[in-house]
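Those letters in the sequence shown? Residues 19 to 170, per this note's numbering, in order. Heads up, the beta-carbon is just placed ideally off N, CA and C, and yes, glycines get one too. Please read all numbers here as calculations on a predicted model, not as lab measurements.
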Amino acid sequence: MFLFLLALWIIFNGAFTLEILLFGIGISASVCFFMVKFAGYNIKRELKAAKKLPFIIEYLFVLLIEIIKANIACSGLIIKGSKKIQPVVVSFSSPLKSEFLSTVLANSITLTPGTISVSMRNGQFTVHCLDSSLCDGIDSSSFVKILKRIEG
19 MFLFLLALWI IFNGAFTLEI LLFGIGISAS VCFFMVKFAG YNIKRELKAA KKLPFIIEYL
79 FVLLIEIIKA NIACSGLIIK GSKKIQPVVV SFSSPLKSEF LSTVLANSIT LTPGTISVSM
139 RNGQFTVHCL DSSLCDGIDS SSFVKILKRI EG
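Here is the structure:
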């Protein structure tokens, strides 16, 4: 948090001088001390979350790639028009234990064109797919694998 606050201080000042840096260090340290002492902030929890940052960046990259691939697939279905689109509803269980990460998975599925998360209860997902080809391997997707690594 200290480095984030210091970087924010420098960005908001719009310049980088020794005076701005020293004031930024003092103010950032004061805010961090206040958060630890009075707001129940835990530095160990932040370090644990920082170790997951590479996996989070990987997840965002994979999400972007999957969105692009699904856009191309959906565009192909629309442009060809000859293939009969067969919507399908698929249910699968997720190995994720965290409710937050399960929600991230559901939202990622919904963000991907051609799929919508209909329901998510107790690790059981129900997904509507525009075509059966879009649901292939949804239960063992790269989303689930990376989120499982984030969960630890």
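Find out if the Cβ-Cβ distance for the pair residue i, residue j is shorter than 8 Å.
i    : j    : result
I43  : F34  : no
L23  : V49  : yes
Y77  : L148 : no
E169 : S111 : no
G132 : A88  : yes
V54  : I45  : no
State the CB to CB distance for the pair residue i and residue j, rounded to an integer number of angstroms; the pair is presumed to be in contact (CB under 8 Å).
i   : j    : result
S14 : T144 : Any answer about residue 14 is impossible in this case: the structure gives the chain only from 19 up to 170.
Identify which residue in the options has its Cα closest to the Cα of residue i.
i    : options                  : result
D157 : G141, E169 and A68       : G141
L114 : R139, C153, F79 and P105 : R139
A91  : C153, V122 and L119      : C153
L81  : K102, A67 and T128       : T128
R63  : I75, F56, K102 and M19   : M19
T130 : F52, I38, F161 and L119  : F161
R167 : F52, I38 and I75         : I75
Does DSSP classify residue i as helix, strand or coil?
i    : result
S137 : strand
F143 : strand
S159 : coil
S109 : strand
contact_flag[the segment 101-109, the segment 56-71] where n(CB pairs < 8 Å) is 3 or more: As far as the Cβ criterion goes, the segment 101-109 does not touch the segment 56-71, which means the pair count is below three.
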